[in-house]
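First residue of the sequence shown? That's 0 in numbering that gives the first Met the number 0, and the numbers climb one at a time after it.
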Amino acid sequence: MTAPAPPTPPFRDPRLPFAKRIDDLLARLAPDEKVAFLHQFGPAVERLGVAAFRTGQEALHGVAWMGPATVFPQAVGLGATWNTDLVRRVGEAVSREVRAMRARDDRVGLNVWSPTVNLLRHPLWGRNEEGYSEDPKLTSAIATAYTRGLRGDHPTYWRTAPVLKHWLAHNNETGRDVTSSSVRPRVLYEYDLRAFKETVEAGAVAGVMPAYNLVNGRPNHVSPYLREELRTWTAEELLVCSDAGAPSNLVDSEHYFDTHEEATAAALRAGVDSFTDHGTDRTEIVARIRGALERGLLTEADLDTAVRRQLSVRFRLGEFDPDHDPHAGTGEFDTPAHRALALEAAEQAIVLLRNDGVLPLAAGTRIAVVGLLADECKLDWYSGTLIHRSTPLEGLYERFGAERVEFAEGVDRVLLRTSAGTFLKVPAAPEAADAVRGAAGALDPALLAGRTDLPPLTVDDTGTELALVDWGAGVLTLRAPDGRYLSVAADGLLRASADQPGGWIVQEAFRLEPHAHGHLLRHLGTDRPVGVAADGVRVAGDGAEAAVFEVVMVERGEEAVARAAGRADVVVVVAGNDPHVGGRETEDRTTLALPAHQERILAAARASGVRTVLALVSSYPYAVEPGRLGAVLWTAHGGQAGGTALARVLAGDVSPAGRLPQTWYADDADLPDLLDYDVIGSRQTYLYFEGRPLFPFGHGLSYASFSYADLKVEPDEEGERARIAFSVTNTGDMTADEVAQLYTRAVDPSVPRPRRELLDHRRITLAPGATAAVAFDVPLSAFAFWDVARRAWRVEPGPYDLLVGGSSEDVRLRGTLVLDGEAAVARPARRLGVPAADFDEQSGTEIVDLTRVAGDAVTPVGGGSAELVYRACDFGTGTTGATVTVAGAGAVELSLGGGGSTAVLTLGTPTAGPYDYVTVEAPFAADGVHDLHLRLRGPLRLAHVGFSG
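Structure (structure tokens):
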């Protein structure tokens, strides 16, 4: 007789709800199996037929790191489209390619770590390319569209499971794992949390990734906001995945905990569910969790909570229902539709910043295309490998004909002569077949090694002419005549071996440092000078002394630019950055200025007397002088179709309609300190900036013109929403897109409010003479601010301007909405006291952690002196005393209305540690409602001020 088949376990039964199935599977897992699941690379459980699973697949603007894939514009470029429908379609295409690639390579994961919703608060942030906008509303709109595309439309099964990066207030690479972002409550709620919140609430997010930095003195990987905020925004289980190596940072660099067992337990209890640490080796994390269990720092229930969240994602991805997963057969990869979408996205991302009529270029125009990026299609750290590529030069050849296009790259052509009189020589290497970095895919491309199969550089009497580019701050690349970049491999030898600069540590970057009567050539990847040894040219220290080089200039870049310009009617200068060299992950920029090498090229083009167009292809804004230029355009690195897109816009085949997703400042002096996260107090972003920007938020010109009319403002009868309607007409002579933008401004606010704040936007396509009716349905809650006195949102009563137009400064229509709102109430200071971090104004303070688990305190920066102001404090019928809850050492002075001190509370004996708070009392007489002023002196932490009497 045939033995009966074993019954199907409930976790395999697709008729049951996911929650019951997860309960069943969780009950079947042994404790050690649960522990192992907590590492990024969770092992298979063969006895249950459960496969291995890894969290994390980079997919910021295409499938990254895993070999060839469709490459779309950088995220900041997608933000510049202001087109949620387009971005949703890009997300769909990316998720379909994830599925198709996974079908042939199981290293490709379905839990995608994308998008990045960090706000582009500061344009010098190295990772500016990864975000969408400086504005939380626009960021959440674009992020929601992308996550919906990544998730797919099926009500049950997700095509991929997106994780938002990087929680929270993360905009600096300088000291990113040890610096703390001081974020006051209003900035926290009105700015930094908002982009995450609105995206999560939209329902297509599977989780978040904490950032490397600290917020208010506490590492993001033990952030109480994961529990207090994030998990309250949705009924779905959210998976929190650590950033790479961050769990170890809690001890190794941040020194926040004494042991890794304590740190891992704290992160798990705070809400981290998957630990990305030590690459594919899970043994360290497993040992730490086991140690935490043995010490009683964790319970099995803590493990169950994290594993449940992981399993929730895996069930939604259809892993346990292969016969029911509608996405299992998805095979769309590099399809004609995806290629067309890449071109459409690249076209829509282009922003026309200035135009005196030179664009679009007339048919028959003779064009000189010059500049360091004129014949480049650059990738960034989070790109896939190109299947197709187009450079601006190739695009212009195709559109105008090669016979009408001149080209000059503008590199400096040099020889490097040693003190012995010989020259650096690149030996012939016919076997150097095209080898593209990362083409085979890698789970961690940081581990990819340089090529050692090519002969190293030598020296001889003639040498090899090299193309030298200074990318700014003295960082150079050197390229051989065959297009290969000089690079250093693990053996320390220099070879012409790289197709492009790249890698986690760029091995193709150098610096010339004055030394004796020449220069040292320092290799930045190893921080060692280059020397000449018996086996070839290598970095010094491995049998080679540092060599002193003379730079022999064969031709300066501007000479070639001038020759090309002399044969043209228009010069198009293509300038910008290499995303791997300066201004990238791990490295912030130091200036908005265009690098000097590219300024030389631009100056040569201007000096030619030929009309000049500047096309900036970059990951971030620059401060340029547009006055002497016929036109200026900006696009992020546009992916595989970027060059074709730029040529089509220059030719007028497409009218540009991208809009700036962040303010372009005119000068470095307009910028706050990179680590100043108080956008309100330091007047940052278009929301608060009071200076004159080079180009404002939302700016972008068109080859058409548009008129706005018929503004109507209609509050609903329930007092919950308002409908703002108007019409837009294309008054030009070509079909074009317009981005209609709606802003608001509180007319008479009681606290500092934004001078403009985006409420909504819509990108519309209009034929010549066509009119579109546009209407926005705005919840009245959109007019609220975070009231620190109430510790809650409040809509202030009074009039609000409604501003409609083509940018934050190009206002075409104005209306007013008067709201009843909620009246302000005084702080109940006598009854409840005043939490220190809930100030209205401050000077010289930073917010720090009250305890390692939760809460905020305030301290003077550097242990000096600082001031805090709390408006409208109600002391009732009178107080007789004041108390402060403090730790550390120093004094707190209290006064009313900014007058002389009425109480000084001194911490006589320093406390044992930063979290050992004590209460200090002093007489203090006050009644009625007054502003309370505090002066802090010394290295103390103030948690709370109370009153009695």
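Quick reminder that beta carbons are idealized off the backbone N, C-alpha and C, glycines included.
query, result
"Would you check if there are 3 or more beta carbon pairs closer than 8 Å linking the stretch 20–33 to the stretch 74–93?", "no"
"Run the CB neighbour count on R315, radius 10 Å, all protein chains shown included, and call it buried at 16 or more, exposed below.", "buried"
"According to DSSP, is N248 part of a helix, a strand, or is it coil?", "helix"
"According to DSSP, what are the bridge partners of S864?", "R936"
"Taking DSSP's pairing of strands, which residues face H943 in a bridge?", "P834, T884"
"Look at the alpha carbon of A574 and the alpha carbon of L686, and state the distance between them as a whole number of angstroms.", "29 Å"
"Keeping to the same chain, check which residues put their C-beta closer than 8 Å to that of Y799; ignore five residues upstream and five downstream.", "T743, R744, A745, V746, F782, T815, L816, V817, L818"
"Would you check if the stretch 90–101 and the stretch 152–167 touch, i.e. whether three or more CB-CB distances between them fall below 8 Å?", "yes"
"Counting only the same chain and skipping the five closest in sequence on each side, list residues whose C-beta sits under 6 Å from that of H1006.", "The structure shown does not extend to residue 1006, since the chain spans only 0 to 948, so no value can be given for it."
"Helix, strand or coil for N127 per DSSP?", "helix"
"Since E346 is in the alpha helix (DSSP H), which residue starts that stretch and which ends it?", "335–347"
"Using a Cβ-Cβ cut-off of 8 Å (strictly less than) and excluding sequence neighbours within five positions of E253, which residues of its own chain qualify?", "D176, V177, L213, P218"
"Please classify W64 as buried or exposed, where buried requires at least 16 other C-beta atoms within 10 Å of its C-beta.", "buried"
"Extract the residue ranges of the beta strand (DSSP E) inside the stretch 903–934, only unbroken runs of 3 or more that lie entirely within it.", "917–925"
"What's the C-alpha gap between L163 and A243?", "15 Å"
"Does DSSP classify L453 as helix, strand or coil?", "coil"
"Note down, one range per segment and in chain order, each beta strand (DSSP E) of at least 3 residues found wholly within the stretch 755–812.", "756–765, 770–778, 784–786, 791–793, 797–804"
"Does DSSP put K196 in a helix, in a strand, or in coil?", "helix"
"To the nearest angstrom, how far is it from the Cα of G539 to the Cα of A92?", "The amino acid occupying residue 539 in the given sequence is Ala; Gly does not appear at that position. Between A539 and A92, the C-alpha separation is close to 48 Å."
"Less than 8 Å between the beta carbons of L378 and P660, yes or no?", "no"
"Specify the secondary structure class of T364 as computed by DSSP and reduced to three states.", "coil"
"State whether the stretch 198–216 contacts the stretch 886–906, with contact taken as three or more CB pairs (one from each stretch) at a distance under 8 Å.", "no"
"What is the DSSP secondary structure of P528, reduced to helix, strand or coil?", "strand"
"Look at the Cβ atom of V653, then the Cβ atom of E346, and state whether they are nearer than 8 Å.", "yes"
"With three or more C-beta pairs closer than 8 Å as the rule, is the stretch 824–831 touching the stretch 723–742?", "no"
"Using a Cβ-Cβ cut-off of 8 Å, state whether L467 counts as contacting chain D.", "In summary, chain D is missing from the structure at hand, where a single protein chain is found."
"How about Y707 and V833: are their beta carbons less than 8 Å apart?", "no"
"Using DSSP with H/G/I as helix, E/B as strand and the rest coil, what is A724?", "strand"
"Could you pull the start and end residues of the beta strand (DSSP E) that L893 belongs to?", "889–895"
"Give me the residue from L109, V623, L523, T684 with the minimum Cα distance to V580.", "L523"
"Just the Cα atoms here: how many angstroms apart are V271 and M208?", "9 Å"
"Only counting runs of 4 or more residues, tell me where the alpha helix (DSSP H) segments fall wholly within the stretch 522–583, in order along the chain.", "556–564"
"Round the Cβ separation of R588 and L123 to the nearest angstrom and send it over; I've been treating them as touching at under 8 Å.", "4 Å"
"Considering Cα atoms alone, identify which of H153, Y131, A635, H760 is closest to E375.", "A635"
"How would you call W792, buried or exposed, if buried means at least 16 neighbouring beta carbons within 10 angstroms?", "exposed"
"Would S222 be called buried (16 or more neighbouring beta carbons within 10 Å of its own) or exposed?", "buried"
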